[in-house]
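In this note's numbering, the protein residues as written are 3 to 178.
Next comes the structure, spelled out in structure tokens:
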């Protein structure tokens, strides 16, 4: 039983621009807009996981395929490419196919300490900060299955707190 951490990065600036230009629909909580698949969603989403967990040379792609065992936990964290500077992204839903292959999603929002250099150039003496982290996780419940799943996220404009839209995409988990 291992935990496989997956980091998701979203081009929040690009998604917001396309919504603003009317080129993509902002979606709704119950009907998020699909960002496409493979090359289409690669424009907006990049996913990374530890190399030992990545299957089929998909590191950095929106359709990341991870290789796992039953009872492993998969934990997703999401951010924008500018570290939630202009827009904040957070996961709010996920659906798995086959449905029983994963346990229910668990949402965690917690504070922890991080140490960063300050100043310009950055100091070599780290300064302690409080960081807020949000993750979503689920446990793999079936063996010998390829799980296609859809994760949905909200994109929020940090300058005014308004929701830009609701979006989704669909990567894979290969269980041995």
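We treat Cβ as the ideally placed atom computed from N, Cα and C, and that holds for glycine.
Coarse secondary structure for residue i, derived from DSSP in three states
i, result
"residue 133", "strand"
"residue 19", "helix"
"residue 114", "strand"
"residue 55", "helix"
"residue 124", "coil"
"residue 142", "strand"
"residue 36", "strand"
Residue span of the beta strand (DSSP E) that contains residue i, given as start and end
i, result
"residue 41", "Taken as a continuous stretch (DSSP letters only), residue 41 belongs to no beta strand (DSSP E), being part of the alpha helix (DSSP H) at 41-44."
"residue 150", "147-159"
"residue 169", "165-171"
"residue 99", "89-99"
"residue 7", "5-12"
"residue 176", "174-177"
"residue 47", "47-50"
Cβ neighbours of residue i in the same chain (closer than 6 Å, five flanking residues each side left out)
i, result
"residue 43", "37, 64, 171"
"residue 31", "168"
Whole-number beta carbon distance between residue j and residue i, since they are thought to touch under 8 Å
i, j, result
"residue 8", "residue 66", "7 Å"
"residue 11", "residue 159", "Actually they do not touch by this definition, with Cβ atoms about 18 Å apart."
"residue 5", "residue 75", "5 Å"
"residue 14", "residue 107", "Contact flag wrong, Cβ pair sits at about 22 Å."
"residue 220", "residue 142", "Since the first and last residues shown for the chain are 3 and 178, residue 220 lies out of range."
Proximal residues to residue i (C-beta, below 8 Å), its chain only, five neighbours per side dropped
i, result
"residue 35", "26, 27, 28, 29, 167, 168, 169, 170"
"residue 146", "177, 178"
"residue 134", "111, 112, 113"
"residue 151", "96, 97, 98, 99, 104, 172, 173, 174, 175"
"residue 16", "45, 46"
Residues that DSSP places opposite residue i in a beta bridge
i, result
"residue 83", "Bridge partners of residue 83: none, in fact."
"residue 69", "176"
"residue 103", "None, per the DSSP bridge assignment."
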